[in-house]
Amino acid sequence: MISFKNVTKKYGDSVAVNNLTVDLESGETVVLIGPSGCGKTTTLRMINRLIEPTEGSIYVNETDISKINPVELRRNMGYVIQQIGLFPHMNIAQNVGLVPYLKDWDESKRKQRVEELLNFVGMSPSKFYHRYPNELSGGQQQRIGVARALAADPEIILMDEPFGALDPITRATLQDELLQMQDKLGKTIVFVTHDMDEALKLADKIAIMKDGEVLQFDSPENILRNPSNEFVEDFIGKDRLLKRPEYIKVKDIMIKEPVTIRPERTLTQALEKMRLHKVDSLMVVDESGNFIGIATSNDVLENFGNGGTVIEITRKEFNHVTEDANVNQVLSIMAQGQVGYVPVIDDDKRLLGLVTRSSLVNVLGKS
Amino acid sequence: MQLLNYVQNNMSNIIRLTIEHLQITGISIITAIAIGVPLGIIVTRYKRLANSILATANIFQTIPSIAFFGLLIPFLGIGKETAILVLFLYALLPIIKNTYTGINEVSPSMIDAGRGMGMTNFQILRMVELPQSLAVIMAGVRIATVINIGSATIAAYIGAGGLGELIFKGIQMYRNDMILVGAVLAALLAVIADKLLGYVELKLTPKGTK
Numbered sequence: 000m001i002s003f004k005n006v007t008k009k010y011g012d013s014v015a016v017n018n019l020t021v022d023l024e025s026g027e028t029v030v031l032i033g034p035s036g037c038g039k040t041t042t043l044r045m046i047n048r049l050i051e052p053t054e055g056s057i058y059v060n061e062t063d064i065s066k067i068n069p070v071e072l073r074r075n076m077g078y079v080i081q082q083i084g085l086f087p088h089m090n091i092a093q094n095v096g097l098v099p100y101l102k103d104w105d106e107s108k109r110k111q112r113v114e115e116l117l118n119f120v121g122m123s124p125s126k127f128y129h130r131y132p133n134e135l136s137g138g139q140q141q142r143i144g145v146a147r148a149l150a151a152d153p154e155i156i157l158m159d160e161p162f163g164a165l166d167p168i169t170r171a172t173l174q175d176e177l178l179q180m181q182d183k184l185g186k187t188i189v190f191v192t193h194d195m196d197e198a199l200k201l202a203d204k205i206a207i208m209k210d211g212e213v214l215q216f217d218s219p220e221n222i223l224r225n226p227s228n229e230f231v232e233d234f235i236g237k238d239r240l241l242k243r244p245e246y247i248k249v250k251d252i253m254i255k256e257p258v259t260i261r262p263e264r265t266l267t268q269a270l271e272k273m274r275l276h277k278v279d280s281l282m283v284v285d286e287s288g289n290f291i292g293i294a295t296s297n298d299v300l301e302n303f304g305n306g307g308t309v310i311e312i313t314r315k316e317f318n319h320v321t322e323d324a325n326v327n328q329v330l331s332i333m334a335q336g337q338v339g340y341v342p343v344i345d346d347d348k349r350l351l352g353l354v355t356r357s358s359l360v361n362v363l364g365k366s
Numbered sequence: 000m001q002l003l004n005y006v007q008n009n010m011s012n013i014i015r016l017t018i019e020h021l022q023i024t025g026i027s028i029i030t031a032i033a034i035g036v037p038l039g040i041i042v043t044r045y046k047r048l049a050n051s052i053l054a055t056a057n058i059f060q061t062i063p064s065i066a067f068f069g070l071l072i073p074f075l076g077i078g079k080e081t082a083i084l085v086l087f088l089y090a091l092l093p094i095i096k097n098t099y100t101g102i103n104e105v106s107p108s109m110i111d112a113g114r115g116m117g118m119t120n121f122q123i124l125r126m127v128e129l130p131q132s133l134a135v136i137m138a139g140v141r142i143a144t145v146i147n148i149g150s151a152t153i154a155a156y157i158g159a160g161g162l163g164e165l166i167f168k169g170i171q172m173y174r175n176d177m178i179l180v181g182a183v184l185a186a187l188l189a190v191i192a193d194k195l196l197g198y199v200e201l202k203l204t205p206k207g208t209k
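Protein chains in written order, with numbering that gives the first Met the number 0: chain A, 0 to 366; chain B, 0 to 209.
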């Protein structure tokens, strides 16, 4: 865990980072984002002591890093910067094996580690081992940059706009690879970017910074759902929430009081209720509010002359969702089942609401 | 004809003077590298020193060589040592200046990457800054060498020997053959030295930055 305790960094009179107190959990990807000059890079660089705080302390796993030799500290953290960070005069093997070299690993162990890492980032050692950075594409170079940061298997990896200089397609590929890598390795990653889409894609937690302060530090989902103030809202972009159906929850859009009917009611009563509420189906619910199924107008009309009760024509095989499901899931259920509505049910089978096509259109249409 | 005869009859003397010429320039250049490169590095670390050191080296460069020899004779007398000292001072500026420029031009992000990965200051110098500024430093050495091979001919005037001796004697004795041999050999030495250093530079340049 990386803890900032009242950390301030001043350059003369200007404050780059102002009284920052934040805990970055182990194994999480934390993205620092904000407009230029907001202090995000300064914050990152204080973690490996490339910049020393003016006040306050930073702890890594409860050890005050100002007590650790900076050279040692850095050798135990990965560091990735924009693609120019590879040394052009060293070949790929030398670049990747640099930290192990600095740490005095013996040559065979180094070679083995380099080959392992090249395989890990999907670049065959036999082809790339002796190449030089200028013979590689931008995307390949940055893969090497990531491999280099992993070389000594550090617990913490610092990434300062690593994909900033890449074209959008390569950037997206590398972001995906980083996510996959993170699934396997579970490193603590601190990632600086100014690209909100990148942040939303990669982050477990996002810290939105402005003028040296963290305005909001939360999961991407919570930031999208509850921006703490207007700046955050503007910075995220007001339309982004609506563009991303996976962040819209069922409970926010469902009809909370759908028209219901008891199973023992007659079909006449059912038809009357439909007419009254101008709906074409009814939620069949027992007296304690448990969901049983759905009665549609078609089924009611077809069986109308038989004089039966609602339970006989209730469709019980019905896909349903919980209130924490997102709109994407609802959309796919609707598409698969060719249905226009999905009931929302809690763990005790109680009916909470209903999502219909028109309630979806209302929400998605706003964007 | 006369020229060939002269060369044939004075072979051993010509060879001796050529070797002497190489010695004077060689010693002065090697000393200049040994002192100039570290000075250039120090100057990048203490930028406040940069202007005064570069200005001092600049002054040596602007003094005409013959005047420079003249200035030092009262203190050091005539002979090889004085010549070597003057040539050393001449070579200093291009070497310091190019070392300074070369290292200063190494991209800050390279140094940042090195530091961020846990290199010590010395490792940054050895593994990042020097390899990446090698071409510029070598260019300085080449300039200094070529200039010195030329200036060393004048050193014969103060009794340092070398190919200049043939030229000066030739002028005094109206002997075109002697002048030609001295001048052509000096020019040839300069060209060969330049090519040779160019080759060394190529060999030293890491593959990835060619």
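A virtual CB, placed ideally from N, CA and C, is assigned to each residue, including glycine.
Values in this document were obtained by computation on a predicted structure and should not be read as measured data.
Beta-carbon contacts of A/V283 that lie in its chain and below 8 Å, excluding the five residues immediately before and after: T259, I260, R261, P262, F290, I291, G292, I293, A294, V309, I310, T313
Residues near A/D323 by beta carbon distance below 8 Å, same chain, minus five either side: K248, V249, K250
Residues, ordered as in the chain, of the segment 90-102 of chain A that lie near chain B by beta-carbon distance below 7 Å: N90, L97, V98, L101
Buried versus exposed, by CB contacts within 10 Å (16 or more), A/I156: buried
Residue burial classification, A/R349 (beta-carbon count within 10 angstroms, cutoff 16): Within a 10 Å sphere around the beta-carbon of A/R349 sit fewer than 16 other beta-carbons, which makes this residue exposed.
Simplified DSSP state of A/F86, which is helix, strand or coil: coil
Neighbour list for B/T119 in chain A, Cβ cutoff strictly below 8 Å: V70
Three CB pairs or more closer than 8 Å across the segment 274-283 of chain A and the segment 14-33 of chain B: no
Below-8 Å beta-carbon distance, B/G207 vs any chain A residue: yes
DSSP-derived helix/strand/coil call for A/P99: helix
Residues sharing a beta bridge with B/F87, DSSP: B/F87 pairs with nothing; no bridge assigned.
8 Å Cβ cutoff met for A/T28 and A/Q179: no
Straight-line gap, A/S366 to A/E271 (C-alpha atoms, nearest Å): Because the pLDDT of A/S366 is 45, which lies under 50, any placement of that residue in the model is unreliable, and the number read from its coordinates should be weighed accordingly. Whole-angstrom Cα-Cα distance: 37 Å.
Spatial distance of A/P69 from A/S2 (CA atoms): 17 Å
As assigned by DSSP and simplified to three states, the class of A/L49: coil
Which listed residue (A/M158, A/L214, A/G211, A/K186) has its alpha carbon closest to that of A/E197: Per the Cα distances, A/M158.
Range of the contiguous beta strand (DSSP E) that encloses A/I293: 290-295
Contacting residues, own chain, Cβ-Cβ under 8 Å from B/I13 (five flanking each side not counted): V6, L165, V180, L184
Residues in the segment 119-152 of chain A having any Cβ partner in chain B nearer than 7 Å: Y131, P132, N133
For A/G38, the nearest candidate out of A/V21, A/K8, A/I64, A/S65 (CA to CA): In terms of Cα proximity to A/G38, the closest of A/V21, A/K8, A/I64, A/S65 is A/K8.
Neighbour-count burial assignment, B/E19, 16 or more Cβ in a 10 Å radius: buried
Three-way DSSP call (helix, strand, coil) for A/P342 in this model: strand
Assigned exposure category for A/S287 - 16 Cβ within 10 Å defines buried: exposed
Residues that DSSP places opposite A/D325 in a beta bridge: It is worth fixing the name first, because residue 325 of chain A is Asn in this sequence and not Asp. Partner(s): A/K248.
Partners in chain B for A/Y78, counting only beta-carbon separations shorter than 8 Å: A112, G115, M116
Which listed residue (B/I83, B/M116, B/T61, B/M172) has its alpha carbon closest to that of B/G161: B/I83
CA nearest to the CA of A/D279, picked from A/D22, A/P257, A/E54: A/P257
Residue environment, A/M122, which counts as buried when at least 16 other CB atoms sit within 10 Å: buried
A/N361 - DSSP class collapsed to helix/strand/coil: helix
Beta carbon proximity, B/V135 to chain A, threshold 8 Å: no
Contact residues within the segment 81-110 of chain B, judged by C-beta distance below 8 Å to chain A: S106, S108, M109
Listed by chain order, chain A residues near B/Q60 by CB distance under 8 Å: Chain order gives no chain A residues near B/Q60, where near means a beta carbon separation below 8 Å; the closest approach is about 31 Å.
CB contact below 8 Å: A/L43 versus chain B: no
Buried or exposed (CB count within 10 angstroms, at least 16 for buried), B/P130: buried
Span of the beta strand (DSSP E) around A/Y10: 1-10
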